[in-house]
Structure formats: C-alpha cells, structure tokens
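2 protein chains.
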Amino acid sequence: MECLADVGWNGSTVAVVAERAGVTRGAAQHHFRTREDLFTAAVEHVAAERLAAVLAHVRELPPPGPERTEAVVDMIVRLYTGPLFRAALHLWVAAATEEPLRERIVSLENHVGREAHRAAVGCLGADESAAGVRETVQATLDLARGLGLANLLTDDGPRRAGIVRQWSRLLDAALAAGEPPAAP
Amino acid sequence: MECLADVGWNGSTVAVVAERAGVTRGAAQHHFRTREDLFTAAVEHVAAERLAAVLAHVRELPPPGPERTEAVVDMIVRLYTGPLFRAALHLWVAAATEEPLRERIVSLENHVGREAHRAAVGCLGADESAAGVRETVQATLDLARGLGLANLLTDDGPRRAGIVRQWSRLLDAALAAGEPPAAP
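Structure follows, in structure tokens:
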C-alpha cells in the first residue's frame, strides 16, 4: 500500500514491492501470481482492517445526538482521506484504462462500499426505512470520497474541518426526520 | 482530453495526441513544449469552456425554490461526472507522484475550483454571509467530485439520481436558513 501511495500503479511492480518488503521476487510471486492479484488483495486486506479498527472504537462514541453524528462523519471522512484511500485511488484510476484490473476493482469496490455503508448506518443509528435516509447516508460516503480526492495533492485539512462540521449539522437534522438541529 | 480519458496519463504522449489530432509531433511541440504544458492547457481550456456553456443556460433555470436548487445540483454533478472530470482525474492522480506536474495541477485546481464555487453560489442565490452557507456550497462541490469518482469504473447513474434528489432537498432547506423544505 505504501508503494502504491508513493509511486503509483506504474511504479508499483511486484519486484519493487518485494524489495520494500524484504522478500525475494520469487517469494512474492509464489503468493500472488500477478501484480493485479497482489494489489487487489492488499487493498481488500487493509480496507477490512481499517473498518474493523474503526468499529472497535464504536463504544467510545458519544451517545446519540449531534455530537455523535459529527464524530461518525469525522470517522468516515478520515477513512477516505488517509493513505489507504490514496493507494486505492491509484488502483481505481489505473483500472479505468486496464481491463484485467477493472473487473477486480469493481467487485472489490462493491464489497468495500457495502461494508462502509452498513457501518455508517449502524454508527449513525439511521433508520433506512424512512424516505431519503438511505440516500442521505450514501451522500455522506460520496462526500467523504470527494474530500479524499481534494486532499490528494495538497493538505486540505482546514477547509475539510469546516465542511465536516457543517455537513454533520445538516445530517443530524435530516436523520432526526425534520426536527430542527439543536442550538450549538 | 479524449486521449487522457481513454488511455490515461501514461499512454498520453505528445506523439499519441498529435496523431489523434492529425498534426505532426513537431507542430504539437511547437505550441506546447512538454506534455505537462499540453495537458494542463487542455484541462484549463475545456474546464473554462464547460463552465461557460453551463452559465449560458442559467436563464433557463427555474425561478428560485426547490426546483431550481435541484436543477443547479444536477448541473454541477454533470460537470463532475462527464468526460472532462474523467480526464482531469488521470492528471490529478499522475500529479500525486510526478513533481513537475503537481505544481501545475494544484494551481489549475485552485483556479477551476474557485470558478466552480462562484458559479454555484450565483446559480443557487446563496448568501455566503450566513453561517455555514459557504461550507454547504463547498460540500455540494465535494459531493459532486465524490460522485464523479464513483462513476469512473461503472455507470453509477441510477444511484446518483437518488442522491442528487435527496441532497437537493437538504441543500434547499439549508439555504432557506432553517425553513423546512416545501412539501413535494
């Protein structure tokens, strides 16, 4: 993953990864026949680990209310602005022009996206049977993805903090089904 | 731009572009010394053209209200889910690992981002002096970017339509400064 984030898909050959990992190229190829196999497995593994790490802290979240909503949005946005997203972005964009990679990444993305959505719904205590709630949660994940992209070339932290705060306020009000947000 | 969208940054040499454009490589290099120059200029030109094309239709937007808000969100999201965004994405990701490209793309992005923000504020009739409004408009642009990314490998249109509708509803309510949205 470090390799992808540092030098992109083109620089990330199996040989380069093997050298960084301190194993022989033969050993790497014994476990992963192609670099598509290697990197798809890496993204899937790290994404699952990150999500599990996030979910392990769910009990430390504030009780339901605006503070919890902001903590959850912040948590989601962090998932999409860290080194994992940066590495995944290189894979996605490479997959747009490389057919053997595309199929793998589409199925990986479906899987990771579903898990992230489920985790967000759970943490937010969102009732998806209410009209618009599913789309509101999905919009939160898409917003996080957009913020991750904005963070690729420059440190977008200060601008992002204001957006996370404001969206959390709107999201909390929307999830409270029309009730106005509590005064700050 | 077609070349970037089709074959990515690595495949997009000046020679490949020149051949597609039906000019000699020498002629292309006479106008743009490096491929960084060529592609930065192309993205800037097409982005300005797209934005101008969008703004030319502002008078056809519905009058202020929920319908106009949805039309504007739809317009913004279209800017970020079309071929221009796809091409720009290849440049952004290449810029993350190529120093000579990074500086150019950062300044290009700042410029294009500012113009898009200004256009969105104008079309939405948003009052940025009100608390949170600036961040709400920025969030709309970041959401559009995230939706553009989600559309890179598969046709995300149907899912996106639901998100655009729901976001528009929330945005319209937020811009109406706490007033509940009109009944659908």
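Going down the list, the sequences are from chains E and H. First residue of the first sequence: 1, per UniProt numbering; consecutive thereafter. First residue of the second sequence: 1, per UniProt numbering; consecutive thereafter. Each residue gets a CB set at the ideal place from its N, CA and C atoms; glycine is no exception.
Simplified DSSP state of residue i, which is helix, strand or coil
i                : result
ASN110 (chain H) : helix
ASN10 (chain E)  : helix
MET75 (chain H)  : helix
GLU70 (chain E)  : helix
ALA126 (chain E) : coil
7 Å Cβ cutoff, residue i in contact with chain H
i                : result
ALA96 (chain E)  : yes
THR154 (chain E) : yes
VAL72 (chain E)  : no
ARG102 (chain E) : yes
CB contact below 7 Å: residue i versus chain E
i                : result
ALA47 (chain H)  : no
LEU55 (chain H)  : no
ALA28 (chain H)  : no
LEU91 (chain H)  : no
LEU175 (chain H) : no
LEU170 (chain H) : yes
GLY132 (chain H) : yes
VAL137 (chain H) : no
Top-ranked residue by Cα proximity to residue i, from the options
i                : options                                : result
ALA119 (chain H) : H:VAL54, H:GLY26, H:GLU60, H:ALA131    : H:VAL54
GLU115 (chain E) : E:ARG50, E:LEU152, E:PRO83, E:ILE163   : E:ARG50
ALA150 (chain E) : H:SER129, H:GLY82, H:THR81, H:LEU89    : H:LEU89
THR136 (chain H) : E:LEU170, E:PHE39, E:GLY148            : E:LEU170
LEU84 (chain H)  : H:ARG159, H:GLU44, H:LEU153            : H:GLU44
GLY11 (chain E)  : E:ALA27, E:ALA87, E:PHE32              : E:ALA87
GLY113 (chain E) : H:CYS123, H:LEU147, H:LEU141, H:LEU124 : H:LEU147
Contacts that residue i makes with chain E (C-beta to C-beta distance below 7 Å)
i                : result
ASP142 (chain H) : LEU143, GLY146, LEU147, ALA150, ILE163
Extent of the continuous alpha helix (DSSP H) run through residue i
i                : result
GLU135 (chain H) : 133-150
PRO64 (chain E)  : Segment: none, PRO64 (chain E) is in no alpha helix (DSSP H) and carries neither H nor E.
ARG165 (chain E) : 157-175
ASP37 (chain H)  : 35-55
ARG59 (chain H)  : Here ARG59 (chain H) belongs to no alpha helix (DSSP H), and DSSP marks it neither H nor E.
VAL93 (chain H)  : 83-97
GLY26 (chain E)  : 25-31
Chain E contact residues for residue i, given Cβ-Cβ distances below 8 Å
i               : result
ALA87 (chain H) : Result: empty, since nearest Cβ-Cβ is about 10 Å, beyond 8 Å.
ILE76 (chain H) : Ordered by position in chain E, no residue passes the 8 Å Cβ test against ILE76 (chain H), which lies about 12 Å from the chain.
Chain E contact residues for residue i, given Cβ-Cβ distances below 9 Å
i                : result
ALA42 (chain H)  : Correct list: empty, because the minimum Cβ distance to chain E is about 17 Å.
GLU109 (chain H) : ALA150, LEU153, THR154
Chain H residues whose Cβ lies nearer than 7 Å to that of residue i
i              : result
VAL7 (chain E) : THR97
Beta carbon proximity, residue i to chain A, threshold 7 Å
i               : result
VAL16 (chain E) : Absent from the structure is chain A; the protein chains it does hold are E and H.
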